[in-house]
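Okay, structure first, notes after.
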């Protein structure tokens, strides 16, 4: 176990998106609870959006790093970033990755910044880039959940957390804003409603709009609750079309809510149906039942410790990753073609979750592969 003095000021690097940052939060809490660390997070602009709702993060550095697939990262000034990091005099850098990523570019950045302790997984020998190297056995020997992977990393230096669930802070101002916006579309906040989230960051995760419409109509017929179709401003056209296709009782709120308001929306929902994106991790963090229409990409990223069902479907061949590690997982786990979940299957999954919640309040998760 490391001495507390070695970990007073810690830079955590999670270069990806909002859902990834949420899944790394129990590991960051572990550092804070064990060592009393002051945590600064280096993440992308997309990942930075959720930081105000994470109590475990004290400071933020925002950078769309070129090895994390961000379109805005062309010609990024890495020496200047290393200088900025060096000026903050961190004691340690903890680098969180998925198994298909290399931590070594981030390790080099931390090395350039003079951070004395550098902790990460690596498949190849990092030599002096890492002071604390965990050989990466995923996915060839085992595959754990992303939360477990990140916790295993910080446990290697003696950190642990009392409660490893996901949590997001609710803001009273965001709740009031949500109430006003729901009222403007004739939905009272205390009314039971469902959230449908069809938008995706990658085409390979997309569930067809016509099936969303059919699912919405079936939910309306079976359960009679209002359906709120969520999404970002860029997803408004899709959400509006789905709401119009469902008809009576469906409303689009895409592009209308701040992130805090969206967290409050999910927190208050009877249930959520979503593709595998950050929404499912928000649902897990506020403990709202969620059905995930799960494109078979990374099996580590299912909802963590909340009531859920996973309904998988295959990624079309022309959209599958060229990454050799991801292809290995696909060939090992996903060799059978799985069709899109039928609307009746989705409605049935949500009914089962709600029945389980009523009958067994302690039940937290259920996956159907």
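Numbering (this note's numbering), first residue to last: -12 to 356.
C-beta atoms are modelled at their ideal positions from N, C-alpha and C, and glycine is treated no differently.
Here the structure is a predicted model, which means the values were calculated and not measured.
Supposed contact pair residue j and residue i - C-beta distance, whole angstroms, cut 8 Å
i           : j           : result
residue 291 : residue 153 : 6 Å
residue 276 : residue 205 : Contact doesn't hold; Cβ gap of about 17 Å is too wide.
residue 85  : residue 285 : 6 Å
residue 198 : residue 330 : 6 Å
residue 409 : residue 54  : Outside the displayed range of the chain (-12 to 356) lies residue 409, so it cannot be described from this structure.
residue 78  : residue 103 : 7 Å
Residue i versus residue j: straight-line alpha-carbon distance, rounded
i           : j           : result
residue 237 : residue 328 : 21 Å
residue 355 : residue 299 : For residue 355, the pLDDT reaches just 34, beneath the cut-off of 50, and the residue's location in the model is therefore unreliable, although a value from the coordinates is still provided. Approximately 8 Å, taken between the alpha carbons.
residue 97  : residue 263 : 31 Å
residue 280 : residue 128 : 27 Å
residue 164 : residue 241 : 15 Å
residue -1  : residue 80  : 6 Å
residue 134 : residue 146 : 14 Å
residue 269 : residue 2   : 18 Å
residue 136 : residue 335 : 32 Å
residue 244 : residue 176 : 14 Å
residue 41  : residue 18  : 14 Å
residue 109 : residue 89  : 7 Å
residue 6   : residue 66  : 28 Å
residue 287 : residue 87  : 11 Å
residue 52  : residue 194 : 29 Å
residue 8   : residue 200 : 31 Å
residue 74  : residue 68  : 10 Å
residue 192 : residue 47  : 29 Å
residue 320 : residue 64  : 39 Å
residue 295 : residue 190 : 23 Å
residue 144 : residue 23  : 14 Å
residue -7  : residue 221 : 44 Å
residue 28  : residue 10  : 13 Å
residue 219 : residue 132 : 27 Å
residue 70  : residue 186 : 37 Å
residue 322 : residue 62  : 39 Å
residue 196 : residue 111 : 43 Å
residue 76  : residue 30  : 18 Å
Cutoff 7 Å; reference residue i; Cβ partners in own chain excluding five residues on either side
i           : result
residue 94  : 82, 105, 107, 113, 116, 117
residue 211 : none
residue 16  : 43, 148
residue 248 : 161, 164, 165, 168
residue 254 : 157, 273, 275
residue 151 : 13, 134, 138
residue 230 : 216, 237, 238, 239
residue 324 : 301
residue 130 : 286, 287
residue 32  : 49, 51
Proximity of residue i and residue j at Cβ, strictly below 8 Å
i           : j           : result
residue 246 : residue 37  : yes
residue 35  : residue 49  : yes
residue 226 : residue 217 : yes
residue 182 : residue 252 : yes
residue 203 : residue 233 : yes
residue 126 : residue 312 : yes
residue 278 : residue 333 : yes
residue 4   : residue 170 : no
The beta strand (DSSP E) enclosing residue i, as first and last residue numbers
i           : result
residue 181 : 181 to 184
residue 300 : 295 to 300
residue 120 : 119 to 122
residue 108 : 104 to 109
residue 238 : 237 to 239
residue 262 : 258 to 262
residue 79  : 79 to 82
residue -5  : Run containing residue -5: none; DSSP gives neither H nor E here.
residue 277 : 277 to 282
residue 49  : 46 to 49
6 Å Cβ shell around residue i - same chain, five flanking residues per side excluded
i           : result
residue 179 : 212, 257
residue 25  : -4, 45
residue 72  : 100
residue 271 : 153, 290, 291, 293
residue 12  : 41, 43
residue 304 : none
residue 267 : 261, 277, 279, 290
residue 223 : 241, 242
N-terminal and C-terminal residue of the alpha helix (DSSP H) that residue i is part of
i           : result
residue 157 : Here residue 157 belongs to no alpha helix (DSSP H), and DSSP marks it neither H nor E.
residue 11  : 5 to 22
residue 32  : 32 to 35
residue 266 : 265 to 273
residue 98  : 91 to 99
residue 230 : 223 to 233
residue 247 : 246 to 255
residue 313 : 311 to 320
residue 366 : The requested residue 366 is not part of the displayed model; the chain covers only -12 to 356.
Close beta carbons around residue i, own chain, < 8 Å, minus the five adjacent residues each side
i           : result
residue 317 : 283, 302, 307, 308
residue 235 : 207
residue 174 : 180, 213, 215, 238
residue 314 : 307, 308
residue 209 : 334, 338
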